[in-house]
Amino acid sequence: MQSLASQRCYNHAVREAVARCPECKQFFCRECITEHDDRVVCAACLARITRKPPGQRSAFVKILWFAQCLLGLLIAWYFFFLYGEHLLKLPNSFHEGTLWQVNWINQQ
Ligand SMILES: [Zn+2]
Ligand SMILES: [Zn+2]
Numbered sequence: 010m011q012s013l014a015s016q017r018c019y020n021h022a023v024r025e026a027v028a029r030c031p032e033c034k035q036f037f038c039r040e041c042i043t044e045h046d047d048r049v050v051c052a053a054c055l056a057r058i059t060r061k062p063p064g065q066r067s068a069f070v071k072i073l074w075f076a077q078c079l080l081g082l083l084i085a086w087y088f089f090f091l092y093g094e095h096l097l098k099l100p101n102s103f104h105e106g107t108l109w110q111v112n113w114i115n116q117q
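Start counting at 1 in the sequence shown, then tack on 9, and there's your number in the numbering used here.
Rendered as structure tokens:
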């Protein structure tokens with residue numbers, strides 16, 4: 010790991026870094042770093058931490074998740090249905106196990 014003194018700010022290449030953000034592991038200058046909950050984080054991470062999704066949006070996400078599950082089940086059921094239909098179309102001789110016997114006898 011390189012020392013803090015030789016590091017430059019992630020946003021300002023000419024400025025010396027004074028701290029390292031524990032969230033994104035990048036080095037930042039005095040201007041870019043800020044204190045939050047007794048620890049120093051960069052402005053980008055602070056915005057990410059403090060941003061809380063509104064209740065309406067989380068409800069929407071829940072609905073979306075439920076819809077995706079439902080869609081997945083429908084697709085699975087549809088393919089299962091197609092597979093069943095395919096099985097029904099098979100000739101009866103296949104199920105009776107005589108199909109291979111006929112070929113075997115003809116080869117003799
Ligand atoms: Zn950060
Ligand atoms: Zn900076």
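Just so you know, even glycine gets a beta-carbon here, dropped at the ideal spot from N, CA and C.
Measuring only the C-alpha atoms, how far is residue i from residue j?
| i | j | result |
| --- | --- | --- |
| L80 | K71 | 14 Å |
| L82 | F90 | 12 Å |
| S15 | A68 | 47 Å |
| F36 | R66 | 33 Å |
| L55 | F88 | 47 Å |
| L157 | L96 | Residue 157 is absent from the model: the chain starts at 10 and stops at 117. |
| F75 | A85 | 15 Å |
How close, in whole Å, do the beta carbons of residue i and residue j come, if the pair is a contact with beta carbons under 8 Å?
| i | j | result |
| --- | --- | --- |
| T43 | A52 | 6 Å |
| P31 | R57 | Between R57 and P31 the Cβ distance is about 13 Å, and since that is not below 8 Å, they are no contact. |
Residues bridged to residue i by DSSP?
| i | result |
| --- | --- |
| I72 | In DSSP, I72 forms no bridge with anything. |
| R17 | E25 |
| I42 | C51 |
| F36 | R29 |
Can you find the residues in the same chain that come closer than 7 Å, C-beta to C-beta, to residue i, ignoring five residues on each side of it along the sequence?
| i | result |
| --- | --- |
| C38 | C18, H21, R24, E25, A26 and V27 |
| H45 | L55 and I58 |
To which residues of the same chain is residue i closer than 6 Å at the C-beta, ignoring the five residues directly before and after it?
| i | result |
| --- | --- |
| L99 | none |
| C33 | C54 |
Excluding five sequence neighbours on each side, which residues of the same chain lie with their C-beta closer than 8 Å to the C-beta of residue i?
| i | result |
| --- | --- |
| C41 | C18, Y19, N20, H21, C51 and A52 |
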